[in-house]
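Q: Protein chains in written order, with my numbering: chain A, 1 to 473; chain B, 1001 to 1473.
Protein chains: 2
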Amino acid sequence: MNAPLPAHLLPLLAPRPMPAEMLATLQAHFGARCSTAMAVREQHGRDESPIDAPPPEAVVYCESTEDVAAVVRLADQYAVPVIPFGTGSSLEGHLLAVQGGVSIDLSRMSRIIAVQPEDLTVTVQAGVTRMQLNNEIRHTGLFFPIDPGADASLGGMSATRASGTNAVRYGTMRENVLGLTVVTASGEVIRTGTRARKSSAGYDLTRLMVGSEGTLGVMTEVTLRLYPLPEAISAATCTFPSIDAAVRTTIQIIQMGIPIARCELLDAHAVRAVNRHDKLTLTEAPMLLMEFHGSAASVKEQAATVQDIASEYGGSGFQWATTPEERTRLWTARHHAYFAGAQMKPGCRTVTTDTCVPISQLAECVTAASEAATAASMAHYIVGHVGDGNFHIAYLVDPTIPAERELAERLNQELVQRAIDVQGTCSGEHGIGLHKMGFLVNEAGTGAIDMMRTLKRALDPKNIMNPGKIFVL
Amino acid sequence: MNAPLPAHLLPLLAPRPMPAEMLATLQAHFGARCSTAMAVREQHGRDESPIDAPPPEAVVYCESTEDVAAVVRLADQYAVPVIPFGTGSSLEGHLLAVQGGVSIDLSRMSRIIAVQPEDLTVTVQAGVTRMQLNNEIRHTGLFFPIDPGADASLGGMSATRASGTNAVRYGTMRENVLGLTVVTASGEVIRTGTRARKSSAGYDLTRLMVGSEGTLGVMTEVTLRLYPLPEAISAATCTFPSIDAAVRTTIQIIQMGIPIARCELLDAHAVRAVNRHDKLTLTEAPMLLMEFHGSAASVKEQAATVQDIASEYGGSGFQWATTPEERTRLWTARHHAYFAGAQMKPGCRTVTTDTCVPISQLAECVTAASEAATAASMAHYIVGHVGDGNFHIAYLVDPTIPAERELAERLNQELVQRAIDVQGTCSGEHGIGLHKMGFLVNEAGTGAIDMMRTLKRALDPKNIMNPGKIFVL
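(1) So residue 1350(B) packs on residue 1428(B), CB below 8 Å; how close in whole Å?
(2) Less than 7 Å between C-beta atoms, sequence neighbours within five positions excluded: which residues of the same chain meet that for residue 142(A)?
(3) Between 399(A), 462(A), 242(A) and 319(A), which has its C-alpha nearest residue 49(A)'s C-alpha?
(4) List the endpoints of the continuous alpha helix (DSSP H) containing residue 1249(B).
(5) Using the three-state DSSP reduction, which class does residue 1227(B) fall into: helix, strand or coil?
(6) For residue 334(A), tell me which candidate among 243(A), 31(A), 264(A) and 312(A) has the shortest Cα-Cα distance.
(7) Output the distance between the C-alpha atoms of residue 1385(B) and residue 1147(B), rounded to the nearest integer angstrom.
(8) Closer than 8 Å, Cβ to any Cβ of chain A: which residues of the segment 1030-1059 of chain B, in chain order?
(9) For residue 1492(B), which residues from the same chain have a beta carbon less than 7 Å from its beta carbon, with the 5 sequence-adjacent residues on both sides left out?
(10) According to DSSP, what are the bridge partners of residue 233(A)?
(11) Going straight from the alpha carbon of residue 102(A) to that of residue 192(A), what length do you get?
(12) Beta-carbon within less than 6 Å of residue 91(A)'s beta-carbon, same chain only, minus the 5 sequence neighbours each way: which residues are those?
(13) Do the segment 457-470 of chain A and the segment 125-135 of chain A touch if we need at least three Cβ pairs shorter than 8 Å?
(14) Please check the pair residue 358(A) and residue 422(A), which I expect to be a contact at CB under 8 Å, by giving their CB distance rounded to whole angstroms.
(15) In or out: residue 1341(B) buried (at least 16 other Cβ within 10 Å) or exposed?
(16) Excluding sequence positions up to five away, which residues of its chain have a Cβ less than 6 Å from the Cβ of residue 87(A)?
(17) For residue 1125(B), does the three-state DSSP call read helix, strand or coil?
(18) Distance check for residue 338(A) and residue 1(A), CA to CA, integer angstroms please.
(19) Of all the beta strand (DSSP E) runs that stay within the bounds of the segment 1135-1204 of chain B, which reach a length of 3 or more residues?
(20) Given a threshold of 16 other Cβ atoms within 10 Å of its Cβ, counted over all protein chains shown, does residue 1028(B) qualify as buried or as exposed?
(21) What distance in whole Å lies between the Cβ atoms of residue 1205(B) and residue 219(A), which are believed to be in contact at a cut-off of 8 Å?
(22) Along chain A, which residues have their Cβ under 7 Å away from the Cβ of residue 1169(B)?
(23) Looking at C-beta atoms only, is the number of pairs between the segment 1393-1411 of chain B and the segment 1057-1067 of chain B that lie closer than 8 Å three or more?
(24) Determine, for residue 1412(B), whether the minimum Cβ-Cβ distance to residues of chain A falls below 7 Å.
(25) Considering just the uninterrupted stretch of the beta strand (DSSP E) at residue 85(A), what are its terminal residues?
(26) Reducing DSSP to helix, strand and coil, say where residue 338(A) ends up.
(27) Under a CB-based cut-off of 7 Å, is residue 196(A) close to chain B?
(28) Taking 7 Å as the CB-CB cut-off, is residue 468(A) touching chain B?
(29) On the DSSP letters alone, give me the boundaries of the beta strand (DSSP E) that residue 1380(B) sits inside.
(30) Nearest to residue 1237(B) by alpha carbon, out of 1461(B), 1449(B), 1077(B) and 1311(B)?
(31) So residue 277(A) is in the beta strand (DSSP E); what residue range does that whole segment cover?
(32) Can you tell me which of the three DSSP states residue 1427(B) falls into?
(33) Determine, using beta carbons only, whether residue 1203(B) comes closer than 7 Å to chain A.
(34) Would you kindly report the start and end of the unbroken beta strand (DSSP E) that includes residue 1395(B)?
(35) When you compare the CB of residue 1096(B) with every CB in chain A, is at least one pair closer than 7 Å?
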């Protein structure tokens, strides 16, 4: 059971019912690929956010850009909302049908359209997931590094400007999407970007769409940058006497320009959770989980330098995972932290924060978040892509106790305000969705929000593209 | 003497005269900082493009964001164009006052507002140039890598999404601008982005402004990423039997993921020009000029690997520049190529192309461009940021002979069409301006151009922000 939509968002619940004529047209066009079965609608009307809202009125399984365009043209004609759906792993309520409408399921658009190994580029349909992509291109010696944990779709990752564990070295979706095929709010198909690595040809429509959370158009194809699989990879864990010591180690790694590929923090709670879930025996103390990519010599040198820095801050118990199997085991455990953490408190829902701050402010922000949660007796754990200044504190909330949910929101609010005060952001990688609309106003200011609204009105005059997300129009 | 505005752009020459009342208000507000002297107007009405247009009606020297906002509010009131001016180094006619109006000179906004070495960030006023920035932050051990050759302003570099020699390792302005202060078309001041390294908080207004060439707002402050000065730097030149061999060496370097920092091609004409201009004795054959950044061991390893690759393609005469003085001499010579090249044909104007293609297509594109120019007996030289797939062929045109200008345009057109055919771009780093508007339509397609126009109309309903650039409204 999730929490109902918070009071300040209730005005969004102004359903825009789908006329029977539109549904009939959809059913005639898509046959069994258009479903109004309640189970299907409910599956498409929730995500990993702790919020409940009514499900969409129908779900259409699209198999091509032309399918998507056909749905959107009808939605435009009848002024009915559409919500793109990839794998349902959003944490911020992106998929909730707060104004009703049609869920456009893109999971069947799972074809790799073209891979150009010699150019380090690939074009995929939006429903391809990141793991599928990496499996299918393994033979080329290349990989796609962006790794948000969940096996999300590349369309969804583009829509939320996702990043994750490898971003410190390889950037985020912002840096790695070269071009898009987009169905606009009027149902037209446009292409943005090229396969060139850089361009200064006109407005950066690609970057405008990346992170727009389905509110400006539906992305149906994505062209991505790929990278050569490193000659050598080495992963290590290191245990620290405090969160502060682990984060200060990270800060120094970044300030020295060491090209570390992954640098993840787990607090003692998170380590305990993954130990239980994955039957590991990691020391239950604040830990950095790091990975180095490069030539054999460069990886060795990076690792030695990092070990020196860690030792200065009291880091100990350096454990190396050099075989692919050991590395996979560690990273799988890290990626299980979300589910492992939730199992620490049976029946709980997770309220996850997502602040990202300038690196010099990170130790204070993480420590303050940890101390505040502990002081309030709020069950929690912390994981962080600390090399980027991004961390998540997950509050484990009993959904049957409103006070717990309110406490989590209050703690989150304090945390976000601290991040904004030090010129950080309320969302490092999960997006705004429904959950962070208030925070975005505090962060961006009314001038920038007004500009976002102006763009939205210009590109989606009937407000049919995932309405009610990012800001209230 | 430049060429007049090409016939297809003549409709742009619809001046929107400034009412006397507006000029009087500007003069009352800005005193001597508002100039209508013809010499000042002419200086602000041209750039490094080969096109002539009438100068702006007035120039205002702004010293603050509030100054810029005051000019724009008046421009809004009277529906008169404004054109931001940094250093005047645009190659594509960005600064030309094709519809009259006021040039907003930002060169006095040359203050570094705040540098945060521990966060690897800096905030500057838009008139700060890249060399000034690097001089002023040298004591921090950090540097700003983006280097388009000219000592351009950071506002201008943001406006054209500039890049240059270091982009292969450090990215372009797209990746390195974290946030902006922008005066909108109504004269409001907004802030975009934060100092966090990444964010998924709302529409990416920063990336929308970067590359918008002054058509959506005037950037007055820019927050940038900085990088630690590498522990070791090494530069090398290597001579090749053909352009093809040099480019194929580059392609292999990129495909292997070697983190080369700079990888520049000069053809034999360009080498000859810099030899004469800078009194160097480089072998007058196709040459790669490379630079490696990293730890001492990593630089050595990268260089050895590259030397092996180059040898396979017949590269020879590897010359190392290990002292800062030698390196500076080489890179200064490279940056003089533009002026050195022009001196090969006294009185000429340079028509510079700027295509960027997927790396596998680069050898064919550069060779075809070279051969076509030679076959047409068009004086030219080639330089290229080949690690990114970006190269420039500069045609040296006698401005008194219209046929030469037409030939250069025809060659450019063929080159751009070839780039677009292989999914590349007509502009890697110089922007669209006046010169490439036709090419942009071919590249982006009418759907994407229509979306750009919609954005422009929404954010600048009176079309006062640098009108007549990027596309015809």
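All C-beta atoms, glycine included, are put in the ideal place defined by N, C-alpha and C.
A: According to the structure shown:
(1) Not really, about 17 Å apart at Cβ, beyond 8 Å.
(2) 117, 120, 226, 227, 228 and 229
(3) 399(A)
(4) 1243-1255
(5) strand
(6) 264(A)
(7) 11 Å
(8) none
(9) Outside the shown range of chain B, which is 1001 to 1473, sits residue 1492(B), and nothing can be said about it.
(10) 293(A)
(11) 25 Å
(12) 48, 49, 352 and 430
(13) no
(14) 6 Å
(15) buried
(16) 152 and 153
(17) strand
(18) No answer about residue 1(A) holds up, because its pLDDT of 48 lies below 50 and its placement is not dependable.
(19) 1177-1183 and 1189-1193
(20) exposed
(21) Incorrect: roughly 19 Å between the Cβ atoms, too far for contact.
(22) The premise fails here: residue 1169(B) is roughly 10 Å from chain A at the closest Cβ pair, so nothing lies under 7 Å.
(23) no
(24) no
(25) 82-85
(26) helix
(27) yes
(28) no
(29) 1380-1385
(30) 1311(B)
(31) Where residue 277(A) is concerned, there is no enclosing beta strand (DSSP E), although the alpha helix (DSSP H) it sits in stretches over 268-278.
(32) coil
(33) yes
(34) 1390-1397
(35) no
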